[in-house]
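Trainee: Next up is a structure, given as structure tokens.
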Amino acid sequence: MRKMGFKTLYSIVVLLFISTAISACNSRPISESSIHLNASVSEELVFGAGSFGFTYSVSEYGLFYHKNNKLQYYDLEAKESYVLCSKANCSHSDASCGAWYKNMDDATGLAMYGENVYVIKLNPDSNTYDLLSMDPTGSNQKVIYSLDVGEYKPGSWVANDIGDVYYAGGMAWFSAQYQYIGEVTEESNEFDYFESTIALGVNLQDVTTIMLNELPEDKVMYESEDNARYEFELVSKNYIMVSKNWNGIEQLSQKDFYEAYEQGEFEEFGNATDPQYEYFMWYQDHREPMFSYLLYDVKTGEWKEFDSGKYELNFDDDGHVGGVYSKYIFSGIYDGKLIYKIPDYEQEDVSVYLLDVKTNEREQILDIKNGGTLGTGYSGIFDDEKILYCLFTENEKADIFYYNIRTKEHVELFQDDRRITFRMIGETADKYIGIIYSPVSYNPTVYMIDKEDYYNGDLKAAEKLF
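Residues -23 to -1, 1 to 443 in mature numbering (1 follows the signal peptide of the UniProt record, and there is no 0) are what the sequence shown lists, from first letter to last.
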């Protein structure tokens, strides 16, 4: 359950990998008083923690996260971790525990939003992905929406993954990855299958849904124009920005490739041990990836195209296409206006703009040369009105600044390592929460620091949490 992309090459974000280390955690039930209800966040964006890659959902009083196949919460006041289970004497090791799940990718989107905690979990008994609400203690779990997985048989669509989950404006927004199970092919004796992605929102009160796109009616190759990949670029109360991604040259299915091959096409692969594999590798370099950024108005249901075109390609050392560079990075909302960045991947520059959706007026507010912005990966605004950024200097160092959007003031803070020591994952009213970079360990350690200490560059004042 994850969203992977080339979205933040020069924004400084946390990139953490799965650790196989198993560590002990506090297994006693969480107390009713240990989580403060935080209803004020209902107007803001809340990111749901996923189980892949150590992600966290930061609230004013604690962090929600996944660990050892359990839903967990770290209380900033008590300085303790809890399993989100109120069951007495629970071992948290099987399906009788509401906080437990079997496989690492069976749960995602864990967050406190309004007065409830939400998560999406795979329910193997009902064969559904269930959006659950619960009390902050983990009790009173209720299924408020179910997405049918489907039956794994030829001629059917099967949901096999859930992307990142975002909560805003009383909605839960997420994408679902589908696989179409085709007929068994004679060439490989395997299912000829197709993929697709749908992006949707679920109203947390009346459970109505907004489908931003639909599954294709016919078997169409994934990332063709009629079966494009949709990704959330920005989520807010009033607006959703998605990217529609497809290839200008459509990939042939395994069946279609062999039919064309037998008719004399693709002669250049005639001496290959596996012609279909060689075609696949050729296709990666010639597929012509395209994009369209689309803005959805949640209130009116209207769509507006922000921009469209062909992606800039990223070539590896062998001259093959290794990926694409995103033209835009959307990083938040300020005073009803969208904040987006245009990176220059060659020069390590980035320009930051404000977009007035109603008038389509675009105002450049930052022009960063040889540097980048700092953010959490889903938001680039701190203290309601600040954008943190860095300018690279000699000796692998970086000068850290913030820009106040309201006052238009630039403030130089401190000098840091170019790799950025304190990597933000969230904030409270007076604290920053982050990971302190370690070049020798991928096992993350979460720290908390007073905002004033951070602004003064006193990173040694950061307090280790877990």
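Heads up, the beta-carbon is just placed ideally off N, CA and C, and yes, glycines get one too.
#1: For Asn104, which residues in the same chain have their Cβ closer than 6 Å to its Cβ, ignoring the five residues on either side in sequence?
#2: Just to confirm the assignment: which complete beta strand (DSSP E) runs, minimum length 3, are found wholly within the region 205 to 243?
#3: May I ask you to report which of helix, strand or coil DSSP gives Phe246?
#4: Output the boundary residues of the beta strand (DSSP E) element that contains Asp333.
#5: Opposite Tyr379 in the DSSP bridges: which residues?
#6: Buried or exposed: where does Tyr424 fall if 16 or more other Cβ atoms within 10 Å of its Cβ makes it buried?
#7: Going by DSSP, which residues form a beta bridge with His43?
#8: For Ser10, count neighbouring Cβ atoms within 10 angstroms of its own Cβ and tell me buried if that reaches 16, exposed if not.
#9: Is it buried or exposed for Lys318, if we count other Cβ within 10 angstroms and need 16 for buried?
#10: Give me the residue from Tyr143, Lys314, Leu343 with the minimum Cα distance to Asn337.
#11: Would you kindly work out how many angstroms separate the C-alpha atoms of Ser220 and Pro266, rounded to a whole number?
#12: Would you call the CB atoms of Lys130 and Phe171 closer than 8 Å?
#13: Check whether the Cβ atoms of Leu331 and Ile316 sit closer than 8 Å, and answer yes or no.
#14: For the structure I just gave you, are there three or more beta carbon pairs, one from the region 48 to 64 and one from the region 174 to 181, closer than 8 Å?
#15: So the beta strand (DSSP E) Asp427 belongs to, where does it begin and stop?
#16: Could you check if Lys214 belongs to the surroundings of the ligand MN, using beta carbon to heavy atom distance under 7 Å?
#17: CA-CA distance, His297 and Asp83?
#18: Would you mind giving the Cβ-Cβ distance between Tyr270 and Tyr288, rounded to the nearest angstrom? I have them listed as a contact below 8 Å.
#19: What number of angstroms, rounded off, separates the C-alpha of Ser63 from the C-alpha of Val275?
#20: When the Cα atoms are used, what is the spatial distance from His13 to Tyr38?
#21: Can you grab the Cα-Cα spacing for the pair Tyr366 / Asn433, in whole Å?
#22: Around the Cβ of Phe292, are there at least 16 other Cβ atoms within 10 angstroms (buried) or fewer (exposed)?
#23: Where does Pro6 land, buried or exposed, given buried means 16+ other C-beta within 10 angstroms?
#24: Go through its chain and collect everything with a Cβ distance to Glu202's Cβ below 6 Å, but skip five positions before and after it.
#25: Exposed or buried, Trp77, counting other C-beta atoms within 10 Å across all chains shown (16 or more means buried)?
#26: Helix, strand or coil, according to DSSP, for Lys441 in the structure here?
#27: In three-state DSSP terms, what is Glu172?
#28: Here's the rule I'm using: 16 or more other beta-carbon atoms within 10 Å means buried, otherwise exposed. How should Ile226 be labelled?
#29: How many angstroms separate the CA atom of Pro193 from the CA atom of Ile187?
#30: Mind checking who Trp77 pairs with in its DSSP beta bridge?
#31: Determine the burial state of Pro416: buried for a count of at least 16 other Cβ atoms within 10 Å of its Cβ, exposed for fewer.
#32: Flag this pair as yes or no: are the beta carbons of Phe399 and Ile358 separated by less than 8 Å?
#33: Taking the alpha-carbon of Asn93 as reference, which of Tyr144, Phe246, Gln228 has the nearest alpha-carbon?
#34: How big is the Cα-Cα spacing for Asn248 and Tyr33?
#35: Which residues mark the beginning and the end of the beta strand (DSSP E) in which Tyr305 is found?
Mentor: Here's the rundown:
#1: Locating residue 104 in the sequence shown gives position 127, where the first residue counts as 1. For Asn104, where only same-chain residues beyond five positions count, the Cβ hits under 6 Å are Val126.
#2: 206 to 212, 216 to 224
#3: Stepping through the sequence shown from its first residue, residue 246 is reached at position 269. Helix at Phe246.
#4: Taking the sequence shown and counting its residues from 1, one reaches residue 333 at position 356. That run of the beta strand (DSSP E) goes 326 to 333.
#5: Mapped onto the sequence shown, residue 379 falls at position 402. Answer is Leu365, Val388, bridged to Tyr379.
#6: Along the sequence shown, one-based indexing puts residue 424 at 447. Flag for Tyr424 reads buried.
#7: Taking the first residue of the sequence shown as 1, we reach residue 43 at position 66. Bridge partners of His43: Leu48.
#8: Position 33 of the sequence shown, counting from 1, holds the residue named residue 10. With a pLDDT of only 34 at Ser10, under the threshold of 50, the placement of this residue in the model should not be trusted; the figure read from the coordinates follows. It is exposed - the Cβ of Ser10 has fewer than 16 other Cβ atoms within 10 Å.
#9: Residue mapping note: residue 318 aligns to position 341 of the sequence shown, counting from 1. Flag for Lys318 reads buried.
#10: Within the sequence shown, residue 337 is the residue found at index 360, counting from 1. Looking at the Cα atoms, Lys314 is the closest of the given residues.
#11: Numbered from its first residue, the sequence shown carries residue 220 at position 243. Numbered from its first residue, the sequence shown carries residue 266 at position 289. Spanning the two alpha carbons is a distance of roughly 12 Å.
#12: Numbered from its first residue, the sequence shown carries residue 130 at position 153. Numbered from its first residue, the sequence shown carries residue 171 at position 194. Not a contact, by the Cβ cut-off of 8 Å.
#13: Looking up residue 331 in the sequence shown gives position 354. Looking up residue 316 in the sequence shown gives position 339. Taking 8 Å as the Cβ cut-off, Leu331 and Ile316 qualify as a contacting pair.
#14: no
#15: Residue numbering aside, residue 427 sits at position 450 when the sequence shown is read from its first letter. 423 to 427 is the span of the beta strand (DSSP E), which, as asked, contains Asp427.
#16: The model on display carries no ligand, and the ligand MN is accordingly not part of it.
#17: Here residue 297 corresponds to residue number 320 of the sequence shown, with the count starting at 1. Here residue 83 corresponds to residue number 106 of the sequence shown, with the count starting at 1. Roughly 35 Å between the two C-alpha positions.
#18: Translated into positions along the sequence shown, residue 270 becomes position 293. Translated into positions along the sequence shown, residue 288 becomes position 311. At roughly 12 Å, the Cβ-Cβ gap does not stay under 8 Å, so Tyr270 and Tyr288 are not in contact.
#19: Here residue 63 is taken as the residue at index 86 of the sequence shown, counted from 1. Here residue 275 is taken as the residue at index 298 of the sequence shown, counted from 1. One C-alpha to the other measures close to 36 Å.
#20: Sequence index remark: in the sequence shown, residue 13 carries index 36 (1-based). Sequence index remark: in the sequence shown, residue 38 carries index 61 (1-based). Bear in mind that a pLDDT of 38 at His13, under 50, signals an unreliable position, so the model cannot answer this.
#21: Taking the first residue of the sequence shown as position 1, residue 366 is located at position 389. Taking the first residue of the sequence shown as position 1, residue 433 is located at position 456. Each residue's alpha carbon lies about 15 Å from the other.
#22: Looking up residue 292 in the sequence shown gives position 315. Under this definition Phe292 is an exposed residue.
#23: The sequence position of residue 6 within the sequence shown is 29, counting from 1. With a pLDDT of only 42 at Pro6, under the threshold of 50, the placement of this residue in the model should not be trusted, and no figure is reported.
#24: Within the sequence shown, the letter at position 225 stands for residue 202. So the qualifying residues of the chain are Trp223.
#25: The count along the sequence shown starts at 1 and reaches residue 77 at position 100. Buried.
#26: Translated into positions along the sequence shown, residue 441 becomes position 464. Note: Lys441 maps to strand in three-state DSSP.
#27: Walking along the sequence shown from the start, residue 172 turns up at place 195. In this structure, Glu172 counts as strand in the three-state DSSP scheme.
#28: What you label residue 226 is simply residue 249 of the sequence shown in a count that begins at 1. So Ile226 counts as exposed.
#29: As a first step, residue 193 must be located in the sequence shown, where it is residue number 216. As a first step, residue 187 must be located in the sequence shown, where it is residue number 210. About 17 Å.
#30: Counting from one through the sequence shown, the residue named residue 77 turns up at place 100. The partner list for Trp77 (beta bridge, DSSP) reads Lys47.
#31: Taking the sequence shown and counting its residues from 1, the one referred to as residue 416 is at position 439. By the neighbour-count rule (16 or more Cβ atoms within 10 Å), Pro416 is not buried but exposed.
#32: The sequence position of residue 399 within the sequence shown is 422, counting from 1. The sequence position of residue 358 within the sequence shown is 381, counting from 1. No, they are not a contact pair.
#33: Stepping through the sequence shown from its first residue, residue 93 is reached at position 116. Among Tyr144, Phe246, Gln228, the Cα nearest to that of Asn93 is on Tyr144.
#34: One-based indexing of the sequence shown puts residue 248 at position 271. One-based indexing of the sequence shown puts residue 33 at position 56. About 50 Å.
#35: Position 328 of the sequence shown, counted from the start, is the residue given in the question as residue 305. Unbroken run through Tyr305: none, as it is neither H nor E.
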